[in-house]
Every structure is written in C-alpha cells, then in structure tokens.
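K.L.:
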Amino acid sequence: LLGVALVPHGVIIGSRSIQPASLDHSMWFHRPFRADEWMLYDQHSPSASGGRGFALGRVYSRDGALIASVAQEGLIRPLGEARKALQSRSGEAEEL
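For the sequence shown, my numbering assigns the number 12 to the initial residue and increments by one for each residue that follows.
See below:
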C-alpha cells in the first residue's frame, strides 16, 4: 500500500535508494464477501511529503459494492546518494 505514495516521486517500493517503514495500517470490512470471487482493489495516496507517505485503498465486489477499506501511513527515508542530494538541497550538514 505504501508504494502508491512513492509514484509521484518516481521511486518504487523495492528501490535501494529508500528505506520504507510502516508506522500504522488498518483494514475495515464493511460487508460479507466471498474470497473466491473477483474483486477490484483501488488505491491512491492523498499525501506524501516530509519523509512520510499516506495511502488509502478500497476493495469492491464484482457488483460494485464496497466491501473493505484500508489505510497505511509510513516513514520513507532516502538512502545513499538520494539522501546526500536532499541534504545538499536543504543545506544540512553532510554528516548526521
């Protein structure tokens, strides 16, 4: 889920340039469903800034009923060259 928060920044969740960590996540089931039937999973990220990402997801049944909602907030730390580039842009010291 956290990966969708990285899309606008051109980074993928498996990239070696970041270290993601889940801060919290939740899932709510709204009605009964069959796990052996097709479902649609829609996800988006309303916010990703300041080293944090927030993502929301919705699961719909085949007939369009909302059956579940999910949310996740995570910490996204840049590593290596990406971290150095951010530090130089923000005026931080090279050593942390």
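All residues carry an ideal CB built from backbone N, CA and C; glycine is no exception.
Could you give the DSSP three-state label for Ala76: helix, strand or coil?
P.N.:
coil
K.L.:
Do Gly68 and Leu12 have their CB atoms nearer than 8 Å?
P.N.:
yes
K.L.:
Just how far apart, CA to CA, sit Leu51 and Pro89?
P.N.:
32 Å
K.L.:
I need the DSSP call for Ala46, collapsed to helix, strand or coil.
P.N.:
Of the three classes helix, strand and coil, the one that applies to Ala46 here is coil, per DSSP.
K.L.:
Name the DSSP beta bridge partners of Ile23, please?
P.N.:
Answer is none; Ile23 lacks a bridge partner.
K.L.:
Between the Cα of Ser72 and the Cα atoms of Pro19, Leu34, Ala66, Phe44, which residue gives the shortest distance?
P.N.:
Phe44
K.L.:
Which residues in the same chain as Leu34 place their Cβ atom closer than 7 Å to its Cβ, once the five residues preceding and following it in sequence are excluded?
P.N.:
Glu84, Gly85, Leu86
K.L.:
Got a sec, what are the start and stop residues for the beta strand (DSSP E) His36 sits in?
P.N.:
Start and end: 29-40.
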